[in-house]
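Participant: I'd like to ask you about the structure that follows.
Protein chains: 2
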Amino acid sequence: MKYERLRGFRDLYPEDMEPKDRFFEQAKKVARSFGYAMIDYPSIESIELYLDKSGEELVGQTFSFTDKGGRNVTLLPEATPSVMRMLTSRKDLPRPVRWFGIPKIWRYEEPQSGRVREHFQFNADLFGPNSPAADAEIIALASDILDSCGLRNRFHIRLNNRKLMDAILESINVKDVPKAFSIIDRFHKIDVEEFRASFLAVAGNKDNVEKVLELIREKGEADAMLEKIEESFKDVEKINEVLRNLKQTANLISDYTGYTPYLDLSVVRGLSYYTGTVFEFSDAEGQFRSILGGGRYDNLAENFSGTEIPAVGFGMGDVVVELMMKKYGKWETSVDAIKSYLVSTSQSGAEICMKVAKTLRESGIVATSDLSGRSITNQMKSASSSGAHLAFIAGDRESESNSVTVKDMATGSQTSVPLESLDSYIFSKIGELRQRIST
Amino acid sequence: MKYERLRGFRDLYPEDMEPKDRFFEQAKKVARSFGYAMIDYPSIESIELYLDKSGEELVGQTFSFTDKGGRNVTLLPEATPSVMRMLTSRKDLPRPVRWFGIPKIWRYEEPQSGRVREHFQFNADLFGPNSPAADAEIIALASDILDSCGLRNRFHIRLNNRKLMDAILESINVKDVPKAFSIIDRFHKIDVEEFRASFLAVAGNKDNVEKVLELIREKGEADAMLEKIEESFKDVEKINEVLRNLKQTANLISDYTGYTPYLDLSVVRGLSYYTGTVFEFSDAEGQFRSILGGGRYDNLAENFSGTEIPAVGFGMGDVVVELMMKKYGKWETSVDAIKSYLVSTSQSGAEICMKVAKTLRESGIVATSDLSGRSITNQMKSASSSGAHLAFIAGDRESESNSVTVKDMATGSQTSVPLESLDSYIFSKIGELRQRIST
């Protein structure tokens, strides 16, 4: 090939893009049923929007450049700062504000399974309330989206709280907490000896490393895990307070979704602005990278406008969802549309076909032709290989009688339908075909 | 504000993005009814993809940069080369190939009314057949999309053919035809004296300038215009041949769409790869820049893979469509969804509300709450200001009786509904509310 696409980028052909688009349609529908409304924002922002806020690692992975006007800009490496910029630019929005968007996101990382340099991200945020109920709502939204795409019980909800981790790290005298989070965030990507070595630098001594290692290795249903941690840290009031919040959040999630969330102290999320609840959803069979992640970030608004606005949200990339849906047979490349094929054998027949096509499409039937002017035999072959349910055939004879010949491709039966009764013919035929397709 | 969005870029809040998304949903639906399937491609491509093919002006307007791997890349300034790259990478696609996509497109131009630096573009292409019927199909697709969005009869279809212009320019001895096209393309953006001065350089003498000026100034319904041109150039066989093609295309468009297309020789399109039919749709009242534009580009595939593949397509930006839909009152910020509000007065009530919410959402009803834990009076005020049709209220009393109290916000009537009969209650209430909303 003379021109290649860039490394780490994807060409999405219909067999991939049609099911992907259906997934996003479904996500939008569920989000709207929760009262979330769609927004969109530029794909390019000033690089300043991410400095200090998102964390060094992310800023190092941006597609950034200087534009023709001399501005230092970057393709969006994540959605949250843009959403926050939009939120804090408007003072008139009644709270709670519930927004979602489906931007593209770019990261200059090494491409690997489940990771590309450009992906779509379904992103939802809830601004205003700061409560376990708010955290549970955003998690329920994510969970309902996956349920509605056929992934019910295929994933685990893994929960944690940055405040719990802060208090635990503080109780063992870790000074550089952000650094500790960034090491814990990479726990599943590095081997345990590498983790031990990196963490020793922030933990001070080996005992502390082992203590943290034990905590982040153990995961289980939230109730049991919470009791265990309570037992270990029963003298630390700060920890008990967060545990109560976590317990309430976990219970509300169960009520809302029917899932029992897991408590997993290795879930801390890579971005530096999270302040409370953090969560990831992962394949129940542990095969893929996480499906989605998010959390509470109550201090970010202050950074933008000087006023605090509680916030919780999540981002779900399209890559792992696709792998999951494929794994569980939910990635269907075609849907049950009724398809028709137009076959014309003369100029006057072509005119009839155009009118017929308009009526078919308005009735929700896909109508195509090969536009080739080839013989009727060849056109009928195309009709057959296209998977059409009906062929509409018109030539001079049909033009004279102002009619069209309809062939049912499954039964082979042919009927002549006068154009003036085409509507009612199509109406009854749709009913018949829908029944046939669904059985 | 501490952080500003970049100049020429847009923040799309729900009042803009929700109707925009509905427009794209409608466009997708119509495209699928024509048998077109959705694709997507990277937002970044190697700059080489546009050099020599798209024209100098466009390449000068790109957001281009060198990536971290030293590649010279650019944000997509148009969709066609990427689509062509995808087409020519696959040898197994049965023709005709019918594709559409909704990429974002970037141009570093001076922002002005109807022009921004980043926009969405609905883009459709038909590969394989080279015939007036194929050209008419792609134009009918564009026209049906606009019709279905409430713009029927609000726009004109303006048609031309590059071959006609080639032959006309040749007949008056214009040597640099691409240069002539680029001047003609800017005809409506510059004043007539500027046009005369620029065109003199390619036309050789003032008589030729006036001849061309007369031709591109006159526009009218295709039939009449075609006859007139035929009359003026009756000795030039090349011109007569194109005129026959144009006539057939115009007739098919009429059959297909019910619109009489205009012939407008000032429509040549800015991109250099067009080879035949070119077209633009414009506001019938002449207020805005063109709504969409496209044409036939049969030689581009050869540039990619050495093999010719006939192609015709169009691109429709979201900006002028939005202006049009706003002008004609078709840009509706909200749709007729049934909305409900959940009001809980205790912990046990909150649990009931969550279960009720799930049932409501699954029935297609929007269900929200303010998650505030405020007094029932304040929650009911929020319910009212949110525009909810129904409020579902639960506290300890409802928890004991395993029921929920439903208030019809329009009539003020309240009912207690046992949770086990919630489904049937919602079903009958939906019917009642749909009727009320639609009348």
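From first to last, the protein sequence lines stand for chains A and B. Under the numbering used here, the first residue of the first sequence is numbered -9, with each subsequent residue one higher. Under the numbering used here, the first residue of the second sequence is numbered -9, with each subsequent residue one higher. Virtual Cβ for every residue (Gly too), placed ideally from N, Cα, C. Here the structure is a predicted model, which means the values were calculated and not measured.
1. Whole angstroms are fine: how far does the CA of Ile383 (chain B) sit from the CA of Tyr287 (chain A)?
2. Can you have a look at Pro67 (chain B) and say buried or exposed, based on whether 16 or more other CB atoms are within 10 angstroms of its CB?
3. Given a cut-off of 9 angstroms, decide if Val258 (chain B) and Ala157 (chain B) are closer than it, judged by their beta-carbon atoms.
4. Less than 8 angstroms between C-beta atoms, sequence neighbours within five positions excluded: which residues of the same chain meet that for Ile420 (chain B)?
5. Report the three-state DSSP secondary structure of Lys153 (chain A) (helix, strand or coil).
6. How far does the alpha helix (DSSP H) with Lys397 (chain A) in it extend, from its first residue to its last?
7. Check the C-beta distance from Gly210 (chain A) over to Leu253 (chain A) and give it rounded, since I have them as a contact under 8 angstroms.
8. Please say whether Val192 (chain B) and Val226 (chain B) have beta carbons closer to each other than 9 angstroms?
9. Tell me which same chain residues have a C-beta within less than 6 angstroms of the C-beta of Glu220 (chain B), skipping the five on either side of it?
10. Give a yes or no on whether the C-beta atoms belonging to Lys375 (chain A) and Val333 (chain A) are separated by under 9 angstroms.
11. Would you verify that the beta carbon of Ala432 (chain B) is, or is not, closer than 9 angstroms to some beta carbon of chain A?
12. Chain B partners of Ala357 (chain A), CB-CB under 8 angstroms?
13. I'd like to know if the stretch 286 to 303 of chain B and the stretch 113 to 123 of chain B are in contact, where contact means that at least 3 CB-CB pairs between them fall below 8 angstroms.
14. Listing by chain order, which chain A residues have their CB less than 9 angstroms from the CB of Asp340 (chain B)?
15. Excluding the five sequence neighbours on either side, which residues of its own chain have a C-beta within less than 7 angstroms of the C-beta of Met314 (chain B), listed in chain order?
16. On a Cα-Cα basis, can you pick out the residue from B:Pro93, B:Asp6, B:Ile416 and B:Ile128 that is closest to Arg22 (chain B)?
17. Looking only at its own chain, which residues have a Cβ that is under 6 angstroms from the Cβ of Thr247 (chain A), when we skip the five neighbours before and after it?
18. Taking Cβ to Cβ, would you say Glu390 (chain B) is nearer than 9 angstroms to Ser406 (chain B)?
19. Less than 9 angstroms between the C-beta atoms of Glu38 (chain A) and Asn62 (chain A), yes or no?
20. Starting from Lys329 (chain B) and walking both ways along the beta strand (DSSP E), at which residues does that stretch end?
21. Start and end of the beta strand (DSSP E) containing Glu270 (chain B)?
22. Report back the beta-carbon spacing between Lys1 (chain A) and Met76 (chain B) to the nearest angstrom; my notes put them in contact at under 8 angstroms.
23. Just by C-beta distance, which residues in the stretch 20 to 54 of chain A are closer than 8 angstroms to chain B?
24. List, in chain order, every chain A residue whose beta-carbon is nearer than 8 angstroms to that of Phe117 (chain B).
25. Starting from Lys316 (chain B), find everything on chain A with Cβ-Cβ shorter than 7 angstroms and list it in chain order.
26. Can you have a look at Val310 (chain B) and say buried or exposed, based on whether 16 or more other CB atoms are within 10 angstroms of its CB?
27. Hey, would you say Pro71 (chain A) sits closer than 9 angstroms to Tyr(-7) (chain B), going by beta carbons?
28. Quick check: the Cα distance between Ile45 (chain A) and Pro168 (chain B), rounded to an integer number of angstroms?
29. If we ignore side chains and look at the alpha-carbon of each, how far apart do Phe13 (chain A) and Gly307 (chain A) end up?
30. What separation, rounded to the nearest whole angstrom, lies between the Cα atoms of Pro93 (chain A) and Glu15 (chain A)?
31. Measuring CA to CA, which of B:Ala69, B:Pro9, B:Phe304 and B:Thr52 is closest to Lys316 (chain B)?
32. Secondary structure at Glu47 (chain A), three-state DSSP: helix, strand or coil?
33. Within 10 angstroms of the Cβ of Phe417 (chain B), are there 16 or more other Cβ atoms? Answer buried if so, exposed if not.
34. Alpha carbon to alpha carbon, how far is Val87 (chain B) from Asn120 (chain B)?
35. If we call anything under 9 angstroms between Cβ atoms a contact, is Val396 (chain B) one with Leu380 (chain B)?
36. Answer yes or no: does any C-beta atom of chain B fall closer than 9 angstroms to that of Trp89 (chain A)?
Facilitator: Taking the coordinates as given:
1. The alpha-carbon of Tyr287 (chain A) is positioned some 30 angstroms away from that of Ile383 (chain B).
2. It is buried - the Cβ of Pro67 (chain B) has at least 16 other Cβ atoms within 10 Å.
3. Judged by their CB atoms, Ala157 (chain B) and Val258 (chain B) are not nearer to each other than the 9 angstroms cut-off.
4. Excluding five sequence positions before and after Ile420 (chain B), the CB atoms of its chain that fall closer than 8 angstroms to its own CB belong to Ile328, Ser353, Gly354 and Ile355, given in chain order.
5. Helix, per DSSP.
6. It is not in any alpha helix (DSSP H) - Lys397 (chain A) instead sits in the beta strand (DSSP E) that spans Ser393 to Asp398.
7. About 7 angstroms separates the two Cβ atoms, so the contact holds.
8. With respect to the 9 angstroms criterion, Val226 (chain B) and Val192 (chain B) are not classified as neighbours on the basis of their beta carbons.
9. Leu233.
10. Reading off the sequence shown, one finds Ser at residue 375 (chain A), where the question assumed Lys. No, the Cβ-Cβ distance between Ser375 (chain A) and Val333 (chain A) is not below 9 angstroms.
11. Residue numbering for chain B in the displayed model covers -9 to 429; residue 432 (chain B) lies beyond these limits and cannot be assessed.
12. Ser23, Phe24 and Gly25, listed in chain order.
13. Enough Cβ pairs lie closer than 8 angstroms, so yes.
14. Here the sequence assigns Ala to residue 340 (chain B), which means Asp is not the residue at that position. Ordered by position in chain A, the residues that pass the 9 angstroms Cβ test against Ala340 (chain B) are Ala123, Leu242 and Asp245.
15. Within the same chain, and ignoring the five residues on either side of Met314 (chain B) in sequence, the residues whose Cβ sits closer than 7 angstroms to its Cβ are Leu141, Arg144, Asp273, Phe278 and Ile281.
16. For the residues B:Pro93, B:Asp6, B:Ile416 and B:Ile128, the minimum Cα distance to Arg22 (chain B) belongs to B:Ile128.
17. Once the five neighbours on either side are set aside, the close Cβ partners of Thr247 (chain A) are Ala130 and Ser133.
18. Taking C-beta atoms as the reference points, Glu390 (chain B) and Ser406 (chain B) fail to come closer than 9 angstroms.
19. Contact check for Glu38 (chain A) against Asn62 (chain A) passes: the beta carbons are separated by less than 9 angstroms.
20. It spans Lys329 to Ser334 - the beta strand (DSSP E) in which Lys329 (chain B) sits, taken as one unbroken run.
21. Thr267 to Asp273 is the extent of the beta strand (DSSP E) around Glu270 (chain B).
22. Note on identity: in this sequence residue 1 (chain A) is Asp, with Lys being the wrong assignment. Confirmed, Cβ separation roughly 5 angstroms.
23. Result list: Val20, Arg22, Ser23, Phe24, Gly25, Ala27, Met28, Ile29, Asp30, Tyr31, Pro32, Ser33, Ile34, Glu35, Ser36, Glu38, Leu39 and Phe53.
24. Under the 8 angstroms cutoff, chain A gives no residues; its nearest Cβ is about 11 angstroms from Phe117 (chain B).
25. Listed along chain A is no residue with a C-beta nearer than 7 angstroms to that of Lys316 (chain B); the closest approach is about 17 angstroms.
26. So Val310 (chain B) counts as buried.
27. In contact: Pro71 (chain A) and Tyr(-7) (chain B) (Cβ atoms closer than 9 angstroms).
28. Note that residue 45 (chain A) is Gly in the sequence shown, not Ile. Spanning the two alpha carbons is a distance of roughly 50 angstroms.
29. The alpha-carbon atoms of Phe13 (chain A) and Gly307 (chain A) are separated by roughly 12 angstroms.
30. Between the alpha carbons of Pro93 (chain A) and Glu15 (chain A) lies a distance of about 14 angstroms.
31. Of B:Ala69, B:Pro9, B:Phe304 and B:Thr52, the residue nearest in Cα terms is B:Pro9.
32. Looking at Glu47 (chain A) - three-state DSSP - the assignment turns out to be helix.
33. Phe417 (chain B) should be labelled exposed.
34. Val87 (chain B) and Asn120 (chain B): Cα-Cα distance of roughly 12 angstroms.
35. Yes, the pair counts as a contact, with Cβ atoms nearer than the cut-off.
36. For Trp89 (chain A), the answer is yes, since a Cβ of chain B falls inside 9 angstroms of its Cβ.
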